[in-house]
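If you read the protein sequences in the order shown, they are chains S and C.
Take the first sequence: its letters are residues 101 to 677, numbered as in this note's numbering.
Take the second sequence: its letters are residues 1071 to 1246, numbered as in this note's numbering.
Each residue gets a CB set at the ideal place from its N, CA and C atoms; glycine is no exception.
Note sheet for the following structure.
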Amino acid sequence: METQTIKKTQKTTNVTERISGSEAIVRCLIAEDVKIIYGYPGGAIMPVYDELYKYQDKIHHVLSRHEQGATHSAQGFARISGKVGVAIATSGPGATNLITGIADAQIDSTPMVCITGQVASHLLGSDAFQETDIVGISTPVTKWNCQVTKASDIPAVIAKAFYIARSGRPGPVLVDITKDAQFEEFDFSYEKCTKVRSYNPVPKTDVKSVEAAAKIINAAKKPMIVWGQGVILSEAEEAFKAVVEKAGIPAAWTILGASAIPTSHPLNVGMVGMHGNYAPNILTNECDVLIAIGMRFDDRVTGDLNKYAKQAKVIHFEIDPSEIDKNVKTAIAVLGDAKASLDLLLPLLDENTHSEWHQRFKDLYAIEYEKVIKDDIHPTKGGLTMGEVVNEINIQSKGEAAIVTDVGQHQMIACRYAQFNKTKSNITSGGLGTMGFGLPAAIGAKMAAPEREVVSISGDGGYQMTIQELGTVFQQKAAVKIVVLNNEFLGMVRQWQQLFFDKRYASTEMVNPNFVAIAEGYYIKAKKVTKREELAAAVAEMMASKEAYFLEVCVEKENNVFPMIPSGASVSDVRLE
Amino acid sequence: MSTEKQLYTISVYTENNIGLLNRISAIFQRRHINIESLNTSPSEIEGVSRFTIVINMTEENIKKIIGQVEKQVEVIKAYYHNDNEIIYQESCIFKMRSDLLFDEREIQNIIKESNARIVTVNKEFFVIEKSGKKEEIELLYRELSNFGIMQFTRSGRISVTKEEMKISTMLETYNN
């Protein structure tokens, strides 16, 4: 049935050629303009690796040190390039090791195609060596998946996989291919997929809903925008900036929306959510119109939904119909691609400045600066802070670096304080919160954009979850700059233990290895900083390096990340201390 | 929009592909929603399957569920209806001892009055089939259980809507 459906939506017009299924897989990837893939070989995928050996002038295969690393690298590649990341693994444990990265890509809408080898089709369901039901396992965390048991199905399935992964709201797709299908020969031809009958990736923007939205926005006295990654995914940055500037609306971002417009833009009022900025959180519950663009009202953004923006008319620009009214009830929903919708909206907007309302954001920022930011990024006493390290990176990179973060306190600090001058500069695990994401994602990002400075910032906890990818850094000569902010704790959990569990630091203190020695063991230049006066020179040395560089910065053990909205509290209950 | 929980019948038109049952049922499982009944079958359109799913929930939540179901790549369209908007049936089969059919006159009356149908009779057992509303089937079960039921099984709900579901028109648009 699978084959029939695909054949209905595609025509194969290319000249055919008799080749094996495994060669077909590689040829399909080449046809999809894939130049780099991340993976790990094994028994059930060996025919494909044999073909990759033959086609290494066309596709560069990166041997990750763990399949999870391969997925995160593919994600980093996709996030900075906007293209589909590709990861490949063998059956059984190879395939299951991909799952964390696939789940991460699903919740963060990252386009990715994973190809897994599978035992021969006559062994399926027999608990054969290294057999798992990876299609069943990956179903809840993939946008689409499929098992192929016949070589002749490979081109159409891979074409469909790439189309689904990259179109509409992007996401991860897994294609599982049995070993006999990899060996089987068939008449190969390839045509890209441009349509799947049951799938409508981009709903057409309804002009009437845009007009209704414009009317509400023009009448608003205290409008506020919250934008998310949808702006970046639809390449709507310019259109978005034009809307913000014409209507003079203060705009705040979700963690994945960061960098769509520069941090320094006068109408960029910071991050919303649990560790977001004070002003946009407080004023979410004071604005009269809340314009959500390409974001999904995640619980880390909204806090208690019963107390979230109840006074505001909510306008939601969104590509995914299932997100409308899912968490927050909208007055107007504008379905469609963000760029198309914003292009329609712009001419309908009145020019405005909302200067008094904007001043409210500035006033609250001044309070946050005095109580939190000043001591975070310009401390005068005590140990080094994470904020001042990020600030030093900003200074020396002039805000041009792509910052790849792991998950935890350092992530919140980096996202809060990093200066982003360019779009697609904040690569982080937003929805799943995957510790171990940072280092392998940075490898992928650097390989996708070698011209850009890529700085990976991790905590000592997350870093050790995928530390083996230093081997990939070394082997690939990936010139990533790796910064570990070492507080000898699982810092975010420790912060919660301090605030909500009577300082009972259950299993959060880490006795760490000699990180510098480990980096040097992988032939990576490395330095450790323990004092404030050493920081600037060390960051300068790191940034000047043409090769990969590891910098460990020992920071205060028990610093907390503020502002903070306690879990389940209202956004206006944001705490500054 | 109704804020009371009530029975809704969801009709999902899908491509006839492997694995879709897993994807759709997982949407309900993840939200801890118990499926009252589920039936899959070919639909009136060649190559298109139809899921009929019965659940008990509020209209607000069912809209969210429909959104999640429609989000699946191979789902063409999903609809939800309350019982007043559809014609629906269930089927059931009873297996009973053959001697009851001859010795218990009341059983013959029950079969006749309930509009059930005898499918087969042999020396050891006979089989009754009944289609109807859930309540009718439950009534028949209660009446027959007094005599001892050897086996009983019932299907999920199947339904058609009173109003037109413009799925064919939609598919024509997709194909063009």
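- With the rule of 3 Cβ pairs closer than 8 Å, the stretch 162–177 of chain S counts as touching the stretch 197–209 of chain S.
- Across the structure, residue 300(S) and residue 269(S) are spaced so that their CA atoms are roughly 10 Å apart.
- The beta-carbon separation of residue 364(S) and residue 519(S), rounded to 7 Å, stays under the 8 Å limit for a contact.
- A direct Cα-Cα distance of roughly 11 Å separates residue 178(S) from residue 542(S).
- Taking CB atoms only, residue 1189(C) has no neighbour in chain S less than 8 Å away.
- Nearest Cα to residue 183(S) within the set 167(S), 159(S), 210(S), 162(S): 210(S).
- Within chain S, 298 have C-beta atoms less than 9 Å from the C-beta of residue 1084(C), given in sequence order.
- Taking the beta carbon of residue 420(S) as reference, the chain C residues within 9 Å of it are 1137, 1141, listed in sequence order.
- Residue burial annotation: residue 324(S) is buried, with at least 16 other C-beta atoms found within 10 angstroms of its C-beta.
- Look at residue 460(S) here: in three-state DSSP terms it is helix.
- When Cβ-Cβ separations below 8 Å define contact, residue 1134(C) makes contact with chain S.
- Residue 1162(C) sits in a strand when the DSSP states are folded into three classes.
- Within its own chain, the residues whose Cβ lies closer than 6 Å to the Cβ of residue 465(S), once the five positions on either side in sequence are excluded, are 379, listed in chain order.
- Rounded to the nearest whole angstrom, the CA to CA distance from residue 472(S) to residue 595(S) is 16 Å.
- Interface annotation, residue 244(S): in contact with chain C, CB-CB separation under 8 Å.
- Against chain C, the CB of residue 264(S) has a partner CB under 8 Å away; the residue lies at that interface.
- Residue 444(S) and residue 246(S) have their C-alpha atoms some 38 Å from each other.
- Only 235, 236, 239, 240 from the stretch 210–240 of chain S bring a Cβ to less than 8 Å from some Cβ of chain C.
- Residue environment analysis places residue 153(S) among the exposed positions, since fewer than 16 neighbouring C-beta atoms fall within 10 angstroms of its C-beta.
- For residue 308(S), the nearest beta carbon of chain C is not closer than 8 Å to its own beta carbon.
- The beta carbon of residue 426(S) falls within 8 Å of a beta carbon belonging to chain C, placing the residue at that interface.
- With a 10 Å radius around the Cβ and a threshold of 16 neighbouring Cβ atoms, residue 266(S) comes out buried.
- No Cβ of chain S is located within less than 8 Å of the beta carbon of residue 1101(C).
- With 16 or more other Cβ atoms inside 10 Å of its own Cβ, residue 476(S) counts as buried.
- When 667(S), 115(S), 122(S) are compared, the shortest CA-CA separation from residue 404(S) is found for 667(S).
- The contact set of residue 1096(C) on chain S, defined by CB atoms closer than 7 Å, consists of 239, 240 in chain order.
- Residue 661(S) carries a coil assignment under DSSP once its states are collapsed to helix, strand and coil.
- When Cβ pairs closer than 8 Å are counted between the two stretches, the stretch 389–398 of chain S is seen to touch the stretch 349–362 of chain S, the count reaching three or more.
- The beta carbon of residue 132(S) lies closer than 6 Å to those of 262 in the same chain, with the five residues before and after it left out.
- For residue 1100(C), the uninterrupted alpha helix (DSSP H) run begins and ends at 1090–1100, by DSSP.
- Among the bridge pairs identified by DSSP, residue 485(S) is matched with none.
- For residue 558(S), the enclosing beta strand (DSSP E) starts and ends at 554–559.
- Here residue 1099(C) is exposed, its C-beta having fewer than 16 other C-beta atoms within 10 Å.
- Taking a C-beta cut-off of 7 Å against chain S, the contacting residues of the stretch 1142–1159 of chain C are 1143, 1144, 1145, 1146, listed in chain order.
- Contact of residue 1244(C) with chain S is assigned, a C-beta pair being separated by under 8 Å.
- Counting the other CB atoms within 10 Å of its CB gives residue 1188(C) a total below 16, which places it among the exposed residues.
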